[in-house]
Amino acid sequence: MRIDTEVKLDYKNVLIRPKRSYLLSRSEVDMEREFRFPHAPNTWKGVPIIAANMDTVGTFEMAHALAAHKAMTALHKFYRLPDYEKFVKQDKPENGLSPWQGTFFSFGITDSDVEKLNDVMKMAAQRPTGEPVFICLDVANGYSERFARIVERIRKQHSDVVIMAGNVVTGEMTEELILSGADIVKVGIGPGSVCTTRKMTGVGFPQLSAVIECADAAHGLKGLVCADGGCTVPGDVSKAFAGGADFVMLGGMLAGHDECNGQVITRRYLTNELDEQGKQIIREDKFHEFYGMSSETAMHKHYGGVAKYRASEGKRVEIPYRGPVNDTITEILGGVRSTCTYVGAQSLKELSKRTTFVTVSQQINEVFGKS
Ligand code: 5GP
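Under our numbering, the residues of the sequence shown are numbered 17 to 387, in order.
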């Protein structure tokens, strides 16, 4: 047994120190980034925020709504090939991205996943030239040797696809995945809003430090990282970018919208107000179901139950209905833009170079009631 006593940080443990800035308005900040990849030959330009590939959030409807902001969506892996075929034929929104340009197709690593991936690549052969195909290879634990070997195999078979693979939280595994063929490494074990891995297994890593360490390792190999999970407010998204994340993936922050899947629950309750006839007024609140992909709810839905040998590592919550996602994404982008103006970054790309984090002691968090 060993103990690593170096301090590791979560988003809530830091703030970003303001710096002298010549920017007059947040509208001057360029939120788009252009990326080159270590393996895929293409480039991609857009807003590097990605809706998570959870079946509640990573939907076609979400992809359309975010594409209008040039942001991305990782589709959940339970769509079938005919669904994809219909989706990619749809028109691109005005000024937005085409469905090919901003969408990850997600896969696990079973034989049937690899078969489905090959079918998607056949479909992709018909896409307009020059548009990269993005895939997301997703396992709860990116540390298995088998995972790296599968990334390697897929890279050999599909040299021009953009591969995002994860999840991991340390530099050495980030390097291994990039050397195996990943372009983007997804970072995060345990920080998700509906994830219970830390409670169930004791395994995890404070997310901001994971992002900083993995980004450093990836950038040394010209690779990229996606900070996945743990953002609860726009300031956290800024901190992830400021820590070196090239992409940021969001689940909970995009849940509860019209574009999401999942049960809508209406709860009626009696108020203390009276109507004209003197009867107590009944009000309604709407909630959306949101759950982790390895929660009991997800496992019952997609696999008919929780296998005997495993425990669920996710939970189900009900979150207040929030209307169309357009307002939320506008708010998130506004927050990140504002961070950039505070530190004098003219573009999102400059944000991490201009960032100095200051640590906030746990005591202060407690005094101000922040969690
Ligand atoms: P959030 O943005 O909600 O904090 O985190 C979203 C991320 O949580 C997802 O992209 C995924 O990596 C992770 N996640 C989703 N469902 C589960 C789950 O059931 N268990 C665990 N351990 N992580 C999950």
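We put the CB at the ideal spot given by N, CA and C, even for glycine.
Remember, predicted model here, so these are calculated numbers, not experimental data.
Host alpha helix (DSSP H) of Met78 (start-end)
One-based indexing of the sequence shown puts residue 78 at position 62. Where Met78 is concerned, the enclosing alpha helix (DSSP H) stretches over Phe76 to Ala83.
Whose C-alpha, out of Ile19, Ala90, Glu147 and Ala198, is nearest the C-alpha of Gln117?
In the sequence shown, counting from the first residue as 1, residue 117 sits at position 101. Per the Cα distances, Glu147.
At the level of alpha carbons, what is the spacing between Val136 and Asn277?
By 1-based counting over the sequence shown, the position of residue 136 is 120. By 1-based counting over the sequence shown, the position of residue 277 is 261. Approximately 23 Å between the Cα atoms of the pair.
DSSP three-state assignment for Leu224, whether helix, strand or coil
On the sequence shown, position 208 is the one that residue 224 refers to. Of the three classes helix, strand and coil, the one that applies to Leu224 here is helix, per DSSP.
Cβ neighbours of Ala361 in the same chain (closer than 6 Å, five flanking residues each side left out)
If you number the sequence shown from 1, residue 361 lands on position 345. Here the set comprises Leu367 and Arg370.
Report the partner residues of Gln362 according to the DSSP bridge assignment.
For the purposes of this step, residue 362 is taken as the residue at position 346 of the sequence shown. In DSSP, Gln362 forms no bridge with anything.
Touching by the beta-carbon criterion (3+ pairs, under 8 Å), the stretch 349-360 and the stretch 92-102
no
Hey, could you find the ends of the beta strand (DSSP E) Ser122 is sitting in?
Locating residue 122 in the sequence shown gives position 106, where the first residue counts as 1. For Ser122, the enclosing beta strand (DSSP E) stretches over residues Thr119 to Phe123.
How big is the Cα-Cα spacing for Ala226 and Lys324?
Position 210 of the sequence shown holds residue 226. Position 308 of the sequence shown holds residue 324. Roughly 32 Å between the two C-alpha positions.
Are there any heavy atoms of the ligand 5GP lying less than 7 Å away from the beta-carbon of Val210, as far as the coordinates show?
Counting from one through the sequence shown, the residue named residue 210 turns up at place 194. Val210 Cβ: within cutoff of the ligand 5GP.
Since Glu389 is in the alpha helix (DSSP H), which residue starts that stretch and which ends it?
There is simply no residue 389 to check, as the chain begins at 17 and stops at 387 in what is shown.
Select from Thr186, Glu168 and Glu289 the residue whose C-alpha is nearest the C-alpha of Ile179.
Numbered from 1 along the sequence shown, position 163 holds the residue referred to as residue 179. For the residues Thr186, Glu168 and Glu289, the minimum Cα distance to Ile179 belongs to Glu168.
Sort Val177, Asp127, Val149 and His174 by Cα distance to Gly162 and report the nearest one.
For the purposes of this step, residue 162 is taken as residue 146 along the sequence shown, with counting starting at 1. Just to set this straight, residue 162 is Arg in the shown sequence, not Gly. Per the Cα distances, Asp127.
Assigned secondary structure, Gly351 (DSSP; H/G/I helix, E/B strand, else coil)
Your numbering for residue 351 matches position 335 in the sequence shown. In the structure shown, Gly351 sits in a helix (DSSP, three-state: H, G or I).
Throw me the rounded Cβ distance for the Val23 and Lys255 pair, which I believe falls under 8 Å.
Within the sequence shown, the letter at position 7 stands for residue 23. Within the sequence shown, the letter at position 239 stands for residue 255. 16 Å between Cβ atoms; not a contact.
Three-state secondary structure (DSSP) of Glu191
Mapped onto the sequence shown, residue 191 falls at position 175. If DSSP states are grouped into helix, strand and coil, Glu191 belongs with the helices.
Rounded C-alpha distance that separates Ala84 from His273:
The residue given as residue 84 occupies position 68 in the sequence shown. The residue given as residue 273 occupies position 257 in the sequence shown. So the alpha carbons of these two residues sit roughly 16 Å apart.
Grab me the residues of Ser114's own chain with a C-beta within less than 7 Å of its C-beta, minus the 5 sequence neighbours each way, in chain order.
Your numbering for residue 114 matches position 98 in the sequence shown. Once the five neighbours on either side are set aside, the close Cβ partners of Ser114 are Lys108 and Glu147.
Under 8 Å, do Asp176 and Ala56 count as touching if we go by C-beta distance?
Along the sequence shown, one-based indexing puts residue 176 at 160. Along the sequence shown, one-based indexing puts residue 56 at 40. Closer than 8 Å, so yes.
Proximal residues to Ile66 (C-beta, below 8 Å), its chain only, five neighbours per side dropped:
Counting from one through the sequence shown, the residue named residue 66 turns up at place 50. So the qualifying residues of the chain are Ala87, Met88, Thr89, Ala90, Phe120, Cys242, Phe263, Val264, Met265 and Leu266.
C-alpha gap between Met189 and Ser209, whole angstroms
Residue mapping note: residue 189 aligns to position 173 of the sequence shown, counting from 1. Residue mapping note: residue 209 aligns to position 193 of the sequence shown, counting from 1. When rounded, the distance between both Cα atoms is 24 Å.
Would the stretch 324-344 count as touching the stretch 202-219 if we require 3 or more Cβ pairs under 8 Å?
yes
For Asp301, the residue or residues it bridges with in DSSP
The sequence position of residue 301 within the sequence shown is 285, counting from 1. For Asp301, which the question treats as bridged, DSSP gives the partners Arg283.
Using only the alpha-carbon positions, how far apart do Gly197 and Glu101 sit?
To locate residue 197, count along the sequence shown from 1; it is residue 181. To locate residue 101, count along the sequence shown from 1; it is residue 85. A straight line joining the alpha-carbon of Gly197 with that of Glu101 spans about 26 Å.
Can you give the Cα-Cα distance for Asn134 and Gly351, rounded to whole angstroms?
The residue given as residue 134 occupies position 118 in the sequence shown. The residue given as residue 351 occupies position 335 in the sequence shown. Each residue's Cα considered, the two are about 39 Å apart.
Using 8 Å as the Cβ pair cut-off and three pairs as the minimum, do the stretch 333-345 and the stretch 295-309 touch?
Yes, since at least three Cβ pairs between the stretch 333-345 and the stretch 295-309 fall closer than 8 Å, the two stretches touch.
Contacting residues, own chain, Cβ-Cβ under 7 Å from Lys35 (five flanking each side not counted)
The residue labelled residue 35 in the question sits at position 19 within the sequence shown. Excluding sequence neighbours, Lys35 sits near Val359, Gly360 and Arg370.
Which residue marks the beginning of the beta strand (DSSP E) containing Asp14, and which one marks its end?
Any property of residue 14 remains undetermined from this structure, which presents the chain solely from 17 to 387.
How many angstroms separate the CA atom of Leu195 from the CA atom of Thr213?
Counting from 1 along the sequence shown, the entry for residue 195 is found at position 179. Counting from 1 along the sequence shown, the entry for residue 213 is found at position 197. Taking the straight line from one Cα to the other gives about 27 Å.
Does at least one heavy atom of the ligand 5GP sit under 7 Å from the Cβ of Ala256?
Along the sequence shown, read from residue 1 onward, the residue named residue 256 stands at position 240. Ala256 Cβ: outside cutoff for every heavy atom of the ligand 5GP.
Could you name the residues of the same chain whose beta carbon sits closer than 8 Å to that of Asp232, not counting the 5 residues immediately before and after it, in chain order?
One-based indexing of the sequence shown puts residue 232 at position 216. Result list for Asp232: Gly187 and Gly260, in chain order.
Kindly list the residues whose CB is nearer than 6 Å to the CB of Glu229, restricted to its own chain and excluding five residues on each side of it in sequence; keep chain order.
What you label residue 229 is simply residue 213 of the sequence shown in a count that begins at 1. So the list reads Gly187, once near-sequence residues are dropped.
Compare the Cα-Cα distances from Leu40 to each of Met269, Val280, Glu275 and Thr355 and report the closest residue.
Counting from 1 along the sequence shown, the entry for residue 40 is found at position 24. Looking at the Cα atoms, Thr355 is the closest of the given residues.
Just grab the DSSP bridge partners of Asp46 for me.
The residue given as residue 46 occupies position 30 in the sequence shown. Note: Asp46 sits in a beta bridge opposite Ser363.
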